[in-house]
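Residue numbering for the sequence shown follows our numbering, beginning at 53 and increasing consecutively. Reviewing the structure listed below.
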Amino acid sequence: FFGPKNIDPRQCFATVRSASHQANAFAVANGLVDVATSNSVNTVFLRRENPAIADQIEEIWHSPPIPESGILMRSDLPPALKDKIRRFFVNYGKGVGPAADRQRKVMEGLNYSEFRQADDSYLNPIREMKADQARREGKPSEVAAPKRFELKALFVWTPLLLIALAALFAGALHLAPRRPAEPLDPSVVPAAPKKPLRYWSLDLLLWGGLAVVLIWAFKTVDLPNLPNLFSNSENMRNYGRDFLNPDFSAWRVLVAQMWLTIQIALWGTFLAVFLAVPLSLMASRNLSPAWLVWPVRRLMDLMRSIPDLVIGTLFIVAVGLGPLAGVLAIALNTAGVLAKLFSEAVESIDKGPIEGVKATGAGRLHEIAWGVIPQVAPLWTSFALYRFESNSRAATVLGLIGAGGIGQVLFESLQAFDYRTVSTIALIIVVAVTLIDMLSQAMRRRLL
């Protein structure tokens, strides 16, 4: 839209960002930007699955139909496999019969039309866009294709052989005969007795098992392709050239989003403490009966085990996009963590103050208020401050699902390959987390 008219969007808007269509829609709904681009598929999906979000978006311009995102495949695949993949997509949803009807139903659910044959010329608009951006920034417009480093069989198996030899050597040391013991001298402290067979057999089993797991996982985790880290150095230089040249033109917007992220973490931690205190008291074996401790501890396990992103997605459905979903997600997950830490602190307290309060005829709540809380308050505060540090980073990740804050801007910049902005965001996050850590340490030193 802007390119053919020789218009630079940065001259029309205070802030210009690039992201996916879905991220653009979330940014408009969240009030992060005033106007953004989307496509028909994403718009229809939002109206069907997230009507509350779609109601916050107004369509002001509609372009002529353009092809949907292309389906790409690797250029080094065998020709027969390429042809098979191509025929699968081109013929998908065509013809008659139950299979074709089922395929058309799948495409209707995705709001897709039939797939059409394409070639590399389909990518020309992307090439033109990237070339125009490179010209405006005075950068080379070509990026080297990733190279695949072919490993010889000997090189592939060398690490495996070394691990196996190390395991055999460790086993041989255990099996090697020992020098006979010298006669006991009353003036000399005898050495520790030799471990019986079951002990060194267990050691050999554990270390050997570790070696087997390492060997088994060597190829699974793609370690044979580690040399590609060096063979693709040209692409890494292109990435580093942008990443080491941060763009501070929009620093005010980024700092404001980082401040929002910190506020999300602060409120999430604050609510988590209020949830964790009663849970920890009910989960403490020295304060609560066994029939109450077990279910409360399982509830705490559940709260800790569900990832923040999953909880955040649930709250986004409930309360919509924005910081509130992030606050609630952090509060629920952090409450489970703090409740466990708080309960362990309660179980290690001295019972003397509790007995003293009980001797005065005070009730159960007074025992907790005057016999328990004063003993654990400094430790509880330390735990809460530490979790606030962690939540400042967790709130950044929650931005990826539309919970607001610096994470959403980071996600958009990564999707747009805007590594200069990514570098700026990374620096802002590092500075913010460092300041929070220094403040937290100073407060913990005063409390403990």
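We treat Cβ as the ideally placed atom computed from N, Cα and C, and that holds for glycine.
| Item | Value |
| --- | --- |
| Same chain, Cβ closer than 7 Å to residue 390, five either side skipped, listed in chain order | 324, 325, 328, 435, 436 and 439 |
| Residue 446 to residue 360 span [Cα, whole Å] | 8 Å |
| Burial state of residue 123 (16 or more Cβ within 10 Å) | exposed |
| Assigned secondary structure, residue 68 (DSSP; H/G/I helix, E/B strand, else coil) | coil |
| Contact under 9 Å by Cβ, residue 354 with residue 331 | no |
| Residue 112 vs residue 96 beta-carbon contact at 9 Å | no |
| Cβ contact (3+ pairs, closer than 8 Å) linking the segment 404 to 419 and the segment 367 to 384 | no |
| Sequence-distant residues of its chain with Cβ nearer than 7 Å to residue 62 (five each side left out) | 68 |
| Helix, strand or coil at residue 422 [DSSP, three-state] | helix |
| Residue 184 in three-state terms, based on DSSP | helix |
| Sequence-distant residues of the same chain with beta carbon closer than 7 Å to residue 104, five excluded per side | 372 |
| Burial state of residue 281, where buried means 16 or more other Cβ atoms lie within 10 Å | exposed |
| Bounding residues of the alpha helix (DSSP H) (the contiguous stretch that carries residue 379) | 375 to 399 |
| Contact between the segment 426 to 435 and the segment 388 to 402 (3+ Cβ pairs under 8 Å) | yes |
| 8 Å Cβ shell around residue 200 - same chain, five flanking residues per side excluded | Because residue 200 carries a pLDDT of 46, less than 50, the predicted location of this residue cannot be relied on, and no value is offered for it. |
| Within 9 Å, strictly: CB atoms of residue 457 and residue 386 | no |
| Exposure of residue 419, with buried meaning 16 or more beta-carbon neighbours within 10 Å | buried |
| Beta strand (DSSP E) runs wholly inside the segment 425 to 449, at least 3 long, in chain order | none |
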